[in-house]
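Numbering (this note's numbering), first residue to last: 802 to 884. Notes follow once the structure below has been shown.
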Amino acid sequence: MKCPKCNVENKEEAKVCKKCGTSLVLKTVWRPTWQWHGKVLGIIFLVLITFFFTLNALFKPYMRKLPQDITPWLKSSQNVNTK
Numbered sequence: 802m803k804c805p806k807c808n809v810e811n812k813e814e815a816k817v818c819k820k821c822g823t824s825l826v827l828k829t830v831w832r833p834t835w836q837w838h839g840k841v842l843g844i845i846f847l848v849l850i851t852f853f854f855t856l857n858a859l860f861k862p863y864m865r866k867l868p869q870d871i872t873p874w875l876k877s878s879q880n881v882n883t884k
């Protein structure tokens, strides 16, 4: 690994230059903040919700209807016989 300041060749695992003492450890360019994480999660959430409702609207004609004989709890309250 070459020193960016004096161009002296150093060992790959070296943390400082053996000639000029310049740090050879690369600094992180960018670290995500909590605000960035919140925005990304919000966008993912909105995409998933939009995808869900779009699929629900597209496949509505193909939804299976259950017979009312086997699902009496799904009947409207007006149709239920009360004795």
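Every residue gets a Cβ at the ideal spot worked out from N, C-alpha and C, and that includes glycine.
Note the first and the last residue of the continuous alpha helix (DSSP H) segment covering V817. Run containing V817: none; DSSP gives neither H nor E here.
Have a look at N811 and C818 and give me their C-alpha separation to the nearest angstrom. Between N811 and C818, the alpha-carbon positions lie close to 6 angstroms from each other.
Straight-line Cα distance separating L825 from N808: Computed Cα separation, rounded: 11 angstroms.
From what residue to what residue does the alpha helix (DSSP H) around F846 run? Following the DSSP letters along the chain, one finds F846 inside the alpha helix (DSSP H) bounded by residues 835 to 859.
Verify the CB distance criterion: does N808 have a CB-CB separation below 9 angstroms to chain D? Of the protein chains in the structure, only one exists, and it is not chain D.
Between the Cα of Q836 and those of P868, I844, E813, spot the shortest distance and give me the residue it belongs to. Comparing C-alpha distances from Q836 to each of P868, I844, E813 shows the shortest one belongs to I844.
Per DSSP, what are the beta-bridge partners of K803 in this structure? Partner residues in the beta bridge of K803, as assigned by DSSP, are E810.
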